[in-house]
Amino acid sequence: VEQTYIMIKPDGVQRGLVGEIISRFERKGFKLTGLKLFQCPKELAEEHYKDLQSKTFFPKLIDYITSGPVVCMGWEGVGVVASARKLIGATNPLNAEPGTIRGDLAVQTGRNVVHGSDSPDNGKREIVWSSAFELLLDMNETYIRIFTESSGDFRV
Ligand code: GTP
Ligand code: MG
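Numbering (the numbering used here), first residue to last: 559 to 714.
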C-alpha cells in the first residue's frame, strides 16, 4: 500500500492546528501509521529540503522548519500521496482552494502549516528519514553527520 510522509510545520503546531489537520486525513479515510512530536535539527531540515538548496529562500525555510517542534506522521492508503497533496492545497496559501488545509488555514508561503511528500518514492524515503532521526537523536551528533553524509542511509 502507498505511504506518504506528512509533517505539521512549527506554525501549525504553535497555532494549535494539530487536531484539525489530523482529522482531515482521518475523515478522508487514510490510515495513520506513525506519529511523533519532534524538534528538527538543522542538518536534517537541510537534508529534507536539499532539492531547494539553491533557492534564495532556503536559509529562511530552514530557520522556519527548525523554529519549533513539528509533528511527523506516516499515512497509508490507495493513492495517498496525490490525495494528500490535494487535501493540503497549493504551496502558496493564497492560491490554495477553499476546503484545502492551506486554503482554509494559512496565508503565507513561508508559513504554510504542513508538508506532504510529492511522489510515492519520496513518501517512502521521507518516512525512513523521519524514523531515522529519532534513532539518531538518541545517539549523538556523529551519527547525524554520518547520516547526512551518506545521503539518507542511516544503517551505517
Ligand atoms: P512542501 O510540502 O513543504 O514540500 O511544500 P510544496 O511541495 O508545496 O512546495 P516546495 O516543495 O516547492 O517548497 C517547500 C517549502 O518551501 C514550501 O512549502 C514553503 O514552505 C517553502 N517555499 C517555497 N517557495 C517559497 C518562497 O518563494 N518563499 C518562501 N519564503 N518559502 C517558500
Ligand atoms: Mg515539496
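Where is the CB? At the ideal position from N, CA and C, for every residue including glycine.
Query, Result
"Proximity to Leu652 [Cα-Cα], best of Lys644, Leu663, Arg643", "Leu663"
"Which of helix, strand or coil DSSP assigns to Val576", "helix"
"For the ligand MG, residues whose Cβ lies under 7 angstroms from any non-hydrogen atom", "His673, Asp676"
"C-alpha distance - Ile579 paired with Glu604, whole-angstrom precision", "24 angstroms"
"Opposing strand residues paired with Leu633 [DSSP bridges]", "Here residue 633 turns out to be Trp, not Leu, going by the sequence shown. Trp633 pairs with Thr562, Leu590."
"Neighbour-count burial assignment, Asp679, 16 or more Cβ in a 10 Å radius", "exposed"
"Cα-Cα separation between Val576 and Thr624, rounded to whole angstroms", "17 angstroms"
"Given Lys567 as reference, the closest of Arg643, Glu634, Val629, Arg585 once Cα atoms are compared", "Val629"
"Any non-hydrogen atom of the ligand GTP closer than 7 angstroms to Phe615 Cβ", "yes"
"Cα-Cα separation between Leu593 and Glu584, rounded to whole angstroms", "13 angstroms"
"The region 612-622 in contact with the region 658-673 per 3-pair CB rule at 8 angstroms", "yes"
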